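K.L.:
Under numbering that gives the first Met the number 0, the letters of the sequence shown match residues 0 to 969, in that order. Quick reminder that beta carbons are idealized off the backbone N, C-alpha and C, glycines included. Owing to the predicted nature of the structure, the values given are computational and were not obtained by experimental measurement.
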Amino acid sequence: MFKTESQKSAFLEHTKAAREERALEKKKEEAATKIQAVIRGWLQRQKYSRILIEEFDAEMPTEAKPGEFKPALHYYKIINRFLTVWKLERDKARFEKLCGYLVASIELDNVKLSYVGVALNKEHSISWIKQVKQILWMCCEYLETLKPEVSVEYKSILLFLHTLVSFTATKTWGILKAKNMEALGAGLNQLCANLMGHLFMRGFYLTLKALLLKGLSRSKISLKGIPLLAIMTLATRPLISAGLSDKLVSMFLIHILSVPALVLHLLQLAPECVGVLETSGLLNRSLELLIVQQDMRIVFNALEGSYALCLIANLIHLAYIQRSVVIENDPYIFTVVITSLMSSCQSYVVSKQSNLTHWHPVLGWFSQRMDSGVQECLGHVKSQLYLLWSQPMVSPLLGSLLDEVTIPVIDNQPPPSSNFLRRAIDARINRVNTAKQPRYKIGTPDCPLTRVGKVCALYFTALNTLTQLRLDILTGLCYQDSILYRLWKFLESLGPNCGLKLFLDSLADNSKNCSPEFNTLILFCDCMTHYVTILDDIEMYEQQNPFKLNDFITMSNFLNQFLYKGILNNLFDMKGTSGSNLFHALHTLLMVLYRRDSRRSYCPNNHWLVKEIRISSFINDLDKGKKTTQLLLAKMPHIIPHTERVQLFRKFVANEKTVLGLTESACAAGTSTLITIHRSRIVEDGYRQLALLPPQALKGVIRVRFINEQGLDEAGIDQDGVFKEFLEETIKRVFDPSLNLFKATSEERLYPSPTSHIQDNHLQLFEFVGRVLGKAVYEGIVVDVPFASFFLSQVLGQTQEALYSCIDELPSLDRDLYRSLTYIKHLETDVSDLDLTFSTDHDVMGRVLTHELVPGGRMLPVNDHNKINYIHLMAHFRMHIQIKEQTAAFIRGFRSIINLDWLSLFSTPELQRLISGDNVPLDMTDLRRHTQYYGGFHDSHRVVCGCGTYSRKIFPKKNVVCFKVCYELL
């Protein structure tokens, strides 16, 4: 039929193309039909929507004038049709008109005109309920989009809240006022509960929370009394109607009571809401819920860390308001709940900064980012937290309990009698009195220590959680209603030596040191450390109110014995956090008391020594590397006599020399260093030759060759005597105040000069001086250099501790300034009358310079609220800031020779004794017994005997000076 194969292929392709074209045309026709149908449908819907909207606009009253209202059924049908075409943004104004009508009509007592009357019609009741549920939820949708700070939207918020309030309770329903309608009350109340339940199931609390956050979590509050009252009314209605069920209380805590500073704002803007919360028993019910661990985890896990903190703050504020009921009657539940919540917050707190952490003004470094809203109102949250350690809270929580459980002890007991019979009678009486005291087992509910420990755990947890408020918490506890002193009296009442055996036994039974009883001890030690740190000499030694010096003596003895026996018996869990907390608190307070006694004694002689220690056994244990003995020496060196510690220091030096190969025999083989010193420039030559020596070489033997004024070598062999002379002459010159490297106080004590910068390379000179003095101490050479105690404290590294108080050691620098600052501290009138600012003027080379103690300090006046801060900043400036660089250079040089661990064996006065020797008469007999003679001299030599006789006759009171004279003659 076809001529060729190619014609056949062309025909098939043409047929295929025609078929595809017909199919495409058919699809186009179908698509056009569908599009036309859609367009026609859309146009019809638009037309229908326009008709319904026009109908709504025409029929719904613009203003709520009840006299012009038509029957509610008429409006019900119009609203039904309108809701089918309603759109959120387009119909906002119309919806407001609808709500205005509903609010107005519901107050009418005419069944036909009241919108509630439609619900009484059996034909429309079900659809009416459905419609009202839809309208109420639409109100919630609008509330989530509106901003209360915008005045126009604020009015809309009021309207929508009014609508929600009106339909969730029957109080404003006018039809119930008629006598024949009273029987419907129960049914209509059930209807309101149905509407409220529907809202709750759809997330009503989320809407209220969002609105509260927008209005309250900002620097300028935009929600006033009326809307706040409406919100809280809506929030509490489902709670009250459900009888405070677990689920609703949990949701209320998560979404409402976690709003930052909610209770504070309610108290200021809508106090009647606080009354509702109080009468409903919400706080007690919330605490009962949260004390169950599972329920607490549910609540806490639903909140971010910052909002959990806000929940804690609101609970504290509510408890503060209802303290007469919640706390004074039974503080146990409140204490346990707040403690657990704060402990949970610690899971978000980290110890240091990283790329994944954020700074929190209350909690420190935080693993979660803080909302901007929470950050803006954090000041209000802080003010709520402060209530926890305010007097109205601390007194019923802890003070009343302490008064209840404390057994009175006799203060100011007379010293032990020297009469043996009298001492025996007193001991017998004490045993009888002790036997009469009730005995409790630790851990039982009736044990006073356990009861107090649970309350102390609350504040202990607050200190560890609210790290940035730590000082405020400590100050509140130290100065509120003598709580700290009453806590001390409670500890005293626990038994002999403050219940030492009780605590040691408990520590042995509880290896992790985490029982509540230790919380009492930790809290007391933390507070007492803070208290003693800010206590000045007048308050401690003269006023003695409330703590007496005998209290400090008893306290220090208890701490000394407790730590000694605890370390010796390996009772402290130094690896665990709780164990380290207990040890750190006890040890910190002990050292604060010890250093206070070292500076100005209040304890009897040998008070700090532990009588049980046998020095020979102690030294042997050290040599064997016994861990407990090493820890005792590192943490409590004062428990062994000073002379033994000096011998240990010399032993450490000798051991290091042996390890480094710096012994006399090794140095005699040619490893010593020879320096040449001109008599006319001892300091310059010494600095030039010794400053560049490495520390190891400087620790070795240094031989000195003196060049006299004629330029000739001085005759003599350096058997350490020439080097000692060089060292003494160097130290004498560099510490001379005329060189201006050091200045002298009014008591002739030395400290770095603030104006030393006029010397070239003054910091290098300070480092050199530190090395020279370190060499003298290293070799046991005593030099007559009296330092100011505040400077020696810096050399020992004590000023780096967080609880170091500058004001304590200010008298060692400037007694007049100390008296002036103490006067300001105790001034009862307004400090602002003195016209002081946070700045100080000081003379530098004839020019008066002003230094600001804080940024902008010139413009910051000193008042009664910040005067303590001013006092400490002023002392810190004078003792640290002014000489910061000089002190650092000196310490760097000194510690390059003397190991800091060795220095920790000594207190500040003891370091001065190590440098300058004891200020006691010289025992010439003992000196001659321990003297090594060279060059033909011996103990019976006439020159040696003559020196001793001469010193006793001519210098009976100045044997040290005499000895130096005689030594130089030899």
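#1: Going by alpha carbons, who is nearest to residue 517 out of 243, 69, 499?
#2: Distance check for residue 508 and residue 410, CA to CA, integer angstroms please.
#3: With three or more C-beta pairs closer than 8 angstroms as the rule, is the stretch 253-268 touching the stretch 302-319?
#4: For residue 811, is the classification buried or exposed, using 16 other Cβ atoms within 10 angstroms of its Cβ as the cut-off for buried?
#5: What residue does the alpha helix (DSSP H) around residue 397 start on, and which one ends it?
#6: Within its chain, find whatever has a CB closer than 6 angstroms to the CB of residue 114; leave out the 5 residues flanking it on each side and keep chain order.
#7: Spell out the partners DSSP gives residue 838 in its beta bridges.
#8: Please list the terminal residues of the continuous beta strand (DSSP E) segment that includes residue 673.
#9: Is the number of C-beta pairs between the stretch 360-378 and the stretch 443-457 that are closer than 8 angstroms three or more?
#10: Have a look at 785, 797, 874 and flag the residue whose alpha-carbon is nearest the alpha-carbon of residue 917.
#11: Thinking C-alpha only, which one of 95, 825, 213, 814 is nearest residue 746?
#12: To which residues of the same chain is residue 493 closer than 7 angstroms at the C-beta, ignoring the five residues directly before and after it?
#13: In whole angstroms, give me the CA-to-CA distance for residue 804 and residue 875.
#14: Leaving out five residues on either side along the sequence, give the residues of the same chain with a beta carbon under 7 angstroms from the beta carbon of residue 247.
#15: For the stretch 683-748, list the beta strand (DSSP E) runs that are entirely contained and at least 3 residues long, ordered along the chain.
#16: For residue 478, which of helix, strand or coil comes out of DSSP?
#17: Need the endpoints of the alpha helix (DSSP H) that residue 875 sits in, please.
#18: In this structure, does DSSP put residue 814 in helix, strand or coil?
#19: What are the boundary residues of the beta strand (DSSP E) that includes residue 365?
#20: So, residue 164 versus residue 92, is the Cβ gap smaller than 7 angstroms?
#21: Between 886, 131, 126, 185, which has its C-alpha nearest residue 97's C-alpha?
#22: Answer with buried or exposed for residue 487, where buried requires no fewer than 16 other C-beta atoms within 10 angstroms of its C-beta.
#23: Find out if the Cβ-Cβ distance for the pair residue 901, residue 651 is shorter than 7 angstroms.
#24: Determine the DSSP secondary structure at residue 557, reduced to helix, strand or coil.
#25: For residue 909 and residue 605, I'd like the C-alpha separation in whole angstroms.
#26: Within a Cβ cutoff of 6 angstroms, which residues of the same chain sit near residue 903, ignoring the five residues on either side of it in sequence?
#27: Which full runs of the alpha helix (DSSP H) of 4+ residues lie inside the stretch 125-193, going along the chain?
#28: Which class does residue 358 belong to by DSSP, given the choice of helix, strand or coil?
#29: Tell me, please, whether the CB atom of residue 305 is closer than 7 angstroms to any CB atom in chain B?
#30: Between which two residues does the alpha helix (DSSP H) holding residue 460 run?
#31: Could you tell me which uninterrupted beta strand (DSSP E) segments, each at least 3 residues in length, are contained entirely in the stretch 21-108, listed from first to last along the chain?
#32: If you reduce the DSSP assignment to three classes, tell me which class residue 786 lands in.
#33: Have a look at 298, 345, 290 and flag the residue whose alpha-carbon is nearest the alpha-carbon of residue 332.
#34: So, for residue 940: in the same chain, excluding its five sequence neighbours on each side, which residues have a beta-carbon less than 8 angstroms away from its beta-carbon?
#35: Counting beta carbon pairs with one atom in the stretch 855-865 and one in the stretch 828-835, are three or more of them shorter than 8 angstroms?
P.N.:
Quick answer:
#1: Locating residue 517 in the sequence shown gives position 518, counting from the first residue. Minimum Cα distance to residue 517 is reached at 499.
#2: For this step, residue 410 is matched to residue 411 along the sequence shown. For this step, residue 508 is matched to residue 509 along the sequence shown. The predicted model places residue 410 with a pLDDT of 44, which falls under 50 and marks its position as unreliable; any figure quoted below should be read in that light. About 32 angstroms.
#3: Three or more beta-carbon pairs separated by less than 8 angstroms link the stretch 302-319 to the stretch 253-268, which places the two stretches in contact.
#4: Looking up residue 811 in the sequence shown gives position 812. Taking a 10 Å sphere around the C-beta of residue 811, we find 16 or more other C-beta atoms and assign the residue as buried.
#5: For the purposes of this step, residue 397 is identified with residue 398 of the sequence shown, where counting begins at 1. Per DSSP, residue 397 lies in no alpha helix (DSSP H) and is assigned neither H nor E.
#6: For the purposes of this step, residue 114 is taken as the residue at position 115 of the sequence shown. Excluding residues within five positions, the ones whose Cβ falls inside 6 angstroms are 71, 101, 104, 105.
#7: Here residue 838 refers to the residue found at position 839 of the sequence shown. DSSP, once it has assigned bridges, lists 851 as partnering residue 838.
#8: In the sequence shown, counting from the first residue as 1, residue 673 sits at position 674. Where residue 673 is concerned, the enclosing beta strand (DSSP E) stretches over 672-677.
#9: Verdict: no, contact absent.
#10: For the purposes of this step, residue 917 is taken as the residue at position 918 of the sequence shown. Taking only the C-alpha atoms, the option nearest residue 917 is 785.
#11: The residue given as residue 746 occupies position 747 in the sequence shown. Check the Cα spacing between residue 746 and each of 95, 825, 213, 814: the tightest is with 814.
#12: Taking the first residue of the sequence shown as 1, we reach residue 493 at position 494. Around residue 493: 448, 501.
#13: If you number the sequence shown from 1, residue 804 lands on position 805. If you number the sequence shown from 1, residue 875 lands on position 876. In a straight line, the C-alpha of residue 804 is about 9 angstroms away from that of residue 875.
#14: Translated into the one-based positions of the sequence shown, residue 247 becomes position 248. Once the five neighbours on either side are set aside, the close Cβ partners of residue 247 are 237, 238, 241.
#15: Fully enclosed beta strand (DSSP E) runs of 3 or longer: 701-706, 741-743.
#16: Here residue 478 refers to the residue found at position 479 when the sequence shown is read from its first residue. Note: residue 478 maps to coil in three-state DSSP.
#17: As a first step, residue 875 is located in the sequence shown; it is residue number 876 there, counting from the start. If you look at residue 875, you'll find it in the alpha helix (DSSP H) that goes 866-875.
#18: Mapped onto the sequence shown, residue 814 falls at position 815. Under the three-state reduction of DSSP output, residue 814 falls in the helix class.
#19: As a first step, residue 365 is located in the sequence shown; it is residue number 366 there, counting from the start. 363-365 is the extent of the beta strand (DSSP E) around residue 365.
#20: Indexing the sequence shown from 1 puts residue 164 at position 165. Indexing the sequence shown from 1 puts residue 92 at position 93. Here residue 164 is not near residue 92, since their CB atoms are 7 angstroms or more apart.
#21: Position 98 of the sequence shown, counting from 1, holds the residue named residue 97. Nearest of 886, 131, 126, 185 to residue 97, Cα basis: 131.
#22: Taking the first residue of the sequence shown as position 1, residue 487 is located at position 488. Result: buried.
#23: Locating residue 901 in the sequence shown gives position 902, counting from the first residue. Locating residue 651 in the sequence shown gives position 652, counting from the first residue. It is a contact, given that the beta carbons lie within the stated cut-off.
#24: The residue you call residue 557 lines up with position 558 of the sequence shown. Of the three classes helix, strand and coil, the one that applies to residue 557 here is helix, per DSSP.
#25: On the sequence shown, residue 909 is found 910 positions in, with the first residue counted as 1. On the sequence shown, residue 605 is found 606 positions in, with the first residue counted as 1. Roughly 14 angstroms separates the two Cα atoms.
#26: Sequence index remark: in the sequence shown, residue 903 carries index 904 (1-based). Shown here for residue 903: not one same chain residue has a beta carbon closer than 6 angstroms to its own, the five before and five after excluded.
#27: The qualifying runs are 150-166.
#28: Locating residue 358 in the sequence shown gives position 359, where the first residue counts as 1. In this structure, residue 358 counts as strand in the three-state DSSP scheme.
#29: This model lacks chain B altogether; it includes just one protein chain.
#30: Locating residue 460 in the sequence shown gives position 461, where the first residue counts as 1. Counting along the chain, the unbroken alpha helix (DSSP H) around residue 460 starts and ends at 447-464.
#31: Whole beta strand (DSSP E) segments, 3+ residues: zero.
#32: By one-based count along the sequence shown, residue 786 stands at place 787. Collapsing the DSSP output to three states places residue 786 in a strand.
#33: Here the question's residue 332 lines up with position 333 in the sequence shown. The residue with the shortest Cα to Cα distance from residue 332 is 290.
#34: Position 941 of the sequence shown holds residue 940. Sequence-distant Cβ neighbours of residue 940 in its own chain, meaning closer than 8 angstroms and more than five residues away, are 932.
#35: Because the criterion of three Cβ pairs below 8 angstroms is met, the stretch 828-835 and the stretch 855-865 touch.
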